[in-house]
Structure formats: C-alpha cells, structure tokens
Amino acid sequence: VFADELLVAVLVRLSDDHDDAAGMWFLEAGFGRINARCQPSFSNLDAAQDWIEQQLAV
Amino acid sequence: MPFAFDHHPATMLVRKLDSMAALSDDEREAVARLPLRVQSLDARRDIVRDGDRSLRCCLLLRGWVCRYKLISEGRRQIISFHHPGDLPDLQTLYLPVADYGLATLTNATVGFIAHDSLQALAEEFPVVGSLLWRSMLIDASVCRAWMVGMGRRSAFEQVAHLFCETYLKLHAIGLADDYRCPLPITQVDLADALGLTSVHVNRVLKDLRSKSLVTLRNHTLVFDGWDELLRISEFDPTYLQLKSEGRDEPSPSAGARGNREPGHRELTSVC
Chain G
1 VFADELLVAV LVRLSDDHDD AAGMWFLEAG FGRINARCQP SFSNLDAAQD WIEQQLAV
Chain B
1001 MPFAFDHHPA TMLVRKLDSM AALSDDEREA VARLPLRVQS LDARRDIVRD GDRSLRCCLL
1061 LRGWVCRYKL ISEGRRQIIS FHHPGDLPDL QTLYLPVADY GLATLTNATV GFIAHDSLQA
1121 LAEEFPVVGS LLWRSMLIDA SVCRAWMVGM GRRSAFEQVA HLFCETYLKL HAIGLADDYR
1181 CPLPITQVDL ADALGLTSVH VNRVLKDLRS KSLVTLRNHT LVFDGWDELL RISEFDPTYL
1241 QLKSEGRDEP SPSAGARGNR EPGHRELTSV C
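Chains as they are written, first to last, in my numbering: chain G, 1 to 58; chain B, 1001 to 1271.
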C-alpha cells in the first residue's frame, strides 16, 4: 500500500491455514505512522484502506 | 511421603511449595490447614480488577488464570499465566491495590485466603514465609524472561520458549509428564501473552509441527523434539528455580545430544 508514493503498509491475504480468519487481509508490516505493533486483520481492502488512512491522519 | 491432608483444597499450595523446597510435616500440615473460601468460576471471568484493593489472596486450585493489562481499543497484554498451586496476587499482601487484572482463562476453582491468615502462617513458620517470598521473586524472574522474549526473540523462539517454560512448570507440580502437557488456552491468549498477533502464532504453530518439534492438538502440547526446542529458544531453566533432585541438572546445551523421543524419562530427574 502506497501513500504519496511512499510504502506505508504491506497487506497479506490469509490462506486457508488460518481457519476462521482465512480470506481476511492481514497487516503484515506497517511503516512510518502505521503502528507496526498493532497488526489488525480486515474483512476487505476498503476496511484496510480506511484504517490506514485513519492512522496516517493522526 | 504420604500426606494426610490430600482432601484439603490447600494441598495444591503444599504441592507448589514442596516443588520449590522440601517442607517439614508440621509446615505441610500448617499450609494444608489454611482457611480457604473456595469458589468455582467460569472461564473468562475477572477475579481481581485493575485498581481493586484486596484483603485476601487467590490460591488457584484448578484451571488456568492470567494477569493482564488493558490499553485502548481493547488491546490486552497478558503478563503471566498461572497454574494450580499458584498465588497470582500474592503481592497484595504488601501492595493491596492491584495494578493488573486477574482473570480465569478456563473454568477454574480458586480458594481465597485472608491476608491475616497468610501473614500468621509466615510468622509462625518462617520457612513457609521465605518460600512465599521466594515465589514472588520467581514470578519476577518469569516476567524478566518474558520481557527478553518480547523485546529480542523472534516469534518462533518466543513460542518455543513459552512452551518449554509451561511444560517444566506443570511438570514440577505433577500436571505434566512424558513430554506432554495441557494447554487449555486459545491462540489469541498466546498472542496476547507474547505480544504477537494470532496470525503469527498460527504460523509458528504450523512451523513447529512441520519441523516435528511440537504438536498442539485438542489443547494438549506434545513435544516431539524437546532438545531441539531447548536449543532454538536458548532455554535455560535456571529462572524457574525448580527444586533439583541433585543429579542430571538440566542443561541448555542438551540439544547437542540430539532429540529424545517423547516418553524419555530423563527429564523427570530435572524438576
């Protein structure tokens, strides 16, 4: 995920290995203002984008 | 030696203290006769809330409990896991206001002991008093080990270290043997204890299984490669201060002997 041409996050789609979370988008890595210690999973990319925008706006 | 008070719930505390140093018969009897108010609790229930003032300590008799801190957005850090025989809020004897929450992770039975009773016991039996003090210090040792794990170890090493610690603690009180032990908690609990996400924990568990090191099935951990696990996690059991039988001291370099099969009994001489 890029913001202003800078890499701010890497999202990974969880495989079937992850049971109930399979298919969700996991914040594999966050950079800059994206809290790397808080790695939520999102049901879809829109939700992930909203969360990343909120973090960048803080 | 057979013990005449096995029916008394405080026997779990006797077993715990006995795992640290041998008690005399009088000391065992005095601990076993501690007045307890026994209560059964469902899983995921608070026993002590952050900020509560206590006049009693909680002795865990059955099940698992944890101490934890909550921060914003529901984020939880588990600070410690506790097993039968533990007094997870023993520090309230001297620091009555809790700076953590204490909650059940599984269905549990606890016995509440009035501070006055514990203090009287410690005064009358100084050896027991020193063991209670010692257990608080060991609690701090475990916190330091967790801090090192969260600060510096990889997720894989952290999980491996916690599994070794859990096995040895449960083994010391007779609740684990033959390289198997119960782990009746969720991956989210593990993640909250290790400062990881449940996604990472899930990945590590699969990795451990694929490397034939540990399998977690039906809430039971089966150690298939104990020595390799010790080596990977650089596990040195010194911080647990388990009573030694005086022979075959555990060695963090035990991995050099290669993996033993589950069921190997050498470990029983360690704890």
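No residue lacks a Cβ here, since even glycine has one placed at the ideal position from N, Cα and C.
Every value quoted in this text rests on a predicted model; they were computed, and no experiment measured them.
What residues of chain B sit near residue i, judged by a beta carbon separation below 9 Å?
i, result
"D50/G", "Neighbours of D50/G on chain B: none; closest Cβ ~15 Å, over 9 Å."
"F26/G", "T1197 and V1199"
"D17/G", "N1202, R1203 and K1206"
"Q39/G", "L1196, T1197, V1199 and H1200"
List the residues of chain G whose Cβ lies closer than 8 Å to the Cβ of residue i, in chain order.
i, result
"K1016/B", "Here the premise fails: no neighbours, minimum Cβ distance about 34 Å."
Which residues bound the beta strand (DSSP E) around residue i?
i, result
"R1144/B", "No beta strand (DSSP E) contains R1144/B, which is instead part of the alpha helix (DSSP H) from P1126 to R1152."
"W1064/B", "No beta strand (DSSP E) contains W1064/B, which DSSP labels as neither H nor E."
"I1113/B", "A1108 to A1114"
"L1196/B", "Where L1196/B is concerned, there is no enclosing beta strand (DSSP E), given that its DSSP letter is neither H nor E."
For my contact list, residue i and residue j are in at a C-beta cut-off of 8 Å; report their separation, rounded to the angstrom.
i, j, result
"I1047/B", "L1102/B", "5 Å"
"Y1167/B", "F1081/B", "With 8 Å as the limit, Y1167/B and F1081/B do not qualify as a contact, their Cβ atoms being about 12 Å apart."
"D1189/B", "L1105/B", "6 Å"
"L1221/B", "R1180/B", "7 Å"
"A1114/B", "L1055/B", "7 Å"
"K989/B", "M1020/B", "With chain B covering only 1001 through 1271, there is no way to say anything about residue 989/B."
"V1142/B", "Y1239/B", "7 Å"
"P1088/B", "C1058/B", "6 Å"
"V58/G", "R37/G", "Rounded, the Cβ-Cβ distance is 15 Å, inconsistent with contact."
"L1205/B", "C1164/B", "With a Cβ gap of about 15 Å, L1205/B and C1164/B do not count as contacting."
"V1/G", "V8/G", "6 Å"
"S41/G", "A21/G", "6 Å"
"F26/G", "L14/G", "5 Å"
"L1194/B", "M1150/B", "7 Å"
"A1145/B", "I1232/B", "Not quite, the Cβ-Cβ distance comes to about 15 Å (not below 8 Å), so this is no contact."
"D1086/B", "K1016/B", "7 Å"
The alpha helix (DSSP H) that contains residue i, what's its start and end?
i, result
"I52/G", "L45 to A57"
"F1156/B", "A1155 to A1172"
"R1075/B", "It is not in any alpha helix (DSSP H) - R1075/B carries neither H nor E in the DSSP assignment."
"R1231/B", "W1226 to S1233"
"T1238/B", "From DSSP, T1238/B is part of no alpha helix (DSSP H); its letter is neither H nor E."
"M24/G", "Premise fails: M24/G is in no alpha helix (DSSP H) and is neither H nor E."
"S1019/B", "T1011 to M1020"
"R1028/B", "D1025 to A1032"
Could you name the residues of chain B that residue i contacts, counting a contact when the two beta carbons are closer than 7 Å?
i, result
"L14/G", "V1199"
"A97/G", "The displayed coordinates of chain G run from 1 to 58. Any statement about residue 97/G would go beyond what the structure contains."
Identify every residue that forms a DSSP beta bridge with residue i.
i, result
"L7/G", "F2/G"
"C1181/B", "L1221/B"
"I1047/B", "None; I1047/B has no bridge partner."
"H1082/B", "V1065/B"
"A29/G", "V10/G"
"R1053/B", "V1097/B"
"T1186/B", "Answer by DSSP bridge pairing: none, since T1186/B is not bridged."
"C38/G", "BP columns for C38/G are empty, so no partner."
"T1104/B", "V1065/B"
"L1059/B", "G1111/B"
"L1041/B", "A1108/B"
"V1214/B", "F1223/B"
Q. Is the number of C-beta pairs between the segment 1057 to 1075 of chain B and the segment 1029 to 1048 of chain B that are closer than 8 Å three or more?
A. yes
Q. Within the chosen definition, does the segment 1176 to 1196 of chain B reach the segment 1121 to 1137 of chain B through at least 3 CB pairs nearer than 8 Å?
A. no
Q: Mind the definition here: the segment 1067 to 1080 of chain B touches the segment 1119 to 1135 of chain B only if three or more C-beta pairs lie below 8 Å; say whether that holds.
A: no
(Q) Within 8 Å, do at least three Cβ pairs link the segment 1023 to 1032 of chain B to the segment 1142 to 1159 of chain B? (A) no
Q | Cβ contact (3+ pairs, closer than 8 Å) linking the segment 1171 to 1178 of chain B and the segment 1201 to 1218 of chain B | A | no
Q) With a cut-off of 8 Å, do at least 3 Cβ pairs link the segment 35 to 49 of chain G to the segment 1010 to 1017 of chain B? A) no
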